Amino acid sequence: MDFSGKYTTFKREELMQEVQMHMSERRFAHVLGVEKMAIALAAKYGESEEKASIAALTHDYAKERPDEEFELIIKRDGYDQDLLNYGNAIWHGLVGASMVQRELGIEDEEILEAIRLHTTGAAKMSLLDKIIYVADYIEPGRNFPGVKEAREIALIDLDEAVAYETKHTLQHLIEQEQKIYPKTIETYNYWVVGKVD
Numbered sequence: 001m002d003f004s005g006k007y008t009t010f011k012r013e014e015l016m017q018e019v020q021m022h023m024s025e026r027r028f029a030h031v032l033g034v035e036k037m038a039i040a041l042a043a044k045y046g047e048s049e050e051k052a053s054i055a056a057l058t059h060d061y062a063k064e065r066p067d068e069e070f071e072l073i074i075k076r077d078g079y080d081q082d083l084l085n086y087g088n089a090i091w092h093g094l095v096g097a098s099m100v101q102r103e104l105g106i107e108d109e110e111i112l113e114a115i116r117l118h119t120t121g122a123a124k125m126s127l128l129d130k131i132i133y134v135a136d137y138i139e140p141g142r143n144f145p146g147v148k149e150a151r152e153i154a155l156i157d158l159d160e161a162v163a164y165e166t167k168h169t170l171q172h173l174i175e176q177e178q179k180i181y182p183k184t185i186e187t188y189n190y191w192v193v194g195k196v197d
C-alpha cells in the first residue's frame with residue numbers, strides 16, 4: 001500500500017525503516033503482524049486502511065525506550081504525575097504517541113489517539129481505536145490461551161472483541177497481581193459490564 005501523503009510525509013517503506021531503527025527484530029515482527037491485522041479489520045469495518053496501517057506501524061514506536069526518557073517527558077510535559085507509578089506497559093502508548101508526533105511528524109489526532117489507547121482502551125473509542133486495540137491483541141504472532149477465539153470474535157463483532165480482550169487482559173493482570181491503570185477499569189466497566197453512560 002502506498003501512503004497518500006495526507007497523514008504522514010513518509011512513504012510506507014520509509015516509515016517502516018524509521019520504526020524498525022527504534023526496536024528489536026522481535027518487536028518489529030510484532031508491529032508488522034499488527035499492521036497486517038489492522039488493515040484487514042479496517043477493510044472489514046470500513047475504516048481507512050491507510051490510517052490503520054500508519055497507526056499500527058507506529059503503535060509500539062516507543063516500547064523499547066528507557067524508563068528515564070519516559071519519566072523525563074511525564075515530569076516535563078504536564079502529564080498526570082500519577083503516571084510515574086506505572087511503567088512501560090502504560091507509558092509506551094500514552095506518552096509514546098507524543099514521541100510519534102514529535103519525532104515522526106504525524107499530527108493526525110485519530111492516529112495519535114489510537115496509539116495512546118492501544119494498551120488501556122477507553123470507554124469512548126473510535127473505530128480506529130478499537131481496530132488497533134484488537135489488532136495488537138490478535139496479530140498472527142500472538143500465541144496464548146484464547147487468542148484463536150479472540151480472532152474469531154474480531155471478524156464477527158469488533159465491540160465484542162474489545163470486550164473479550166479487556167476482560168482477559170484484566171484477568172491476567174489480576175492473576176499477576178499487577179497494578180491496574182484506572183483507564184483499563186473504565187474500559188472494562190463500559191465494554192464488558194454494560195455500555196451504560
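Numbering (the UniProt record's numbering), first residue to last: 1 to 197. All C-beta atoms in this analysis are idealised placements derived from N, C-alpha and C, irrespective of residue type, glycine included. Owing to the predicted nature of the structure, the values given are computational and were not obtained by experimental measurement.
Nearest in C-alpha terms to His59, of all of Leu155, Leu72 and Ile106, is Ile106. It is roughly 7 Å from the alpha-carbon of Lys167 to the alpha-carbon of Tyr188. Counted as a single uninterrupted DSSP element, the alpha helix (DSSP H) harbouring Asn88 occupies residues Asn88 to Leu94. Residue environment: Lys44 is assigned as exposed (fewer than 16 neighbouring CB atoms within 10 Å of its CB, all protein chains considered).
Taking a contact as a CB-CB distance under 8 Å, the pair Glu64 and Ser24 counts as one, their CB atoms being some 6 Å apart.
Within the model, the alpha-carbon separation for Thr8 versus His22 is close to 18 Å.
Contact between the region 118-127 and the region 65-80 is not established, with fewer than three Cβ pairs separated by less than 8 Å. Around the C-beta of Ile131, 16 or more other C-beta atoms lie within 10 Å, and the residue is accordingly described as buried.
By the criterion of at least three beta-carbon pairs nearer than 8 Å, the region 165-183 is in contact with the region 82-98. When the Cα atoms are used, Pro140 and Asn85 turn out to be separated by approximately 32 Å. Within the UniProt domain "HD" (27-141), the complete alpha helix (DSSP H) segments of 4 residues or longer fall at 49-58, 67-76, 88-94, 96-104, 109-117 and 127-138, listed in chain order. Per DSSP, the unbroken alpha helix (DSSP H) holding Lys167 starts and ends at Leu158 to Glu175. Note that the C-beta distance between Gln101 and Leu117 is not below 8 Å.
A direct Cα-Cα distance of roughly 12 Å separates Phe28 from Lys36.
Judged by DSSP secondary structure, Pro182 falls within the alpha helix (DSSP H) whose first and last residues are Pro182 to Tyr188. Inclusion of Ala42 and Ile115 in the CB contact set at 8 Å is not warranted, their separation being larger than that value.
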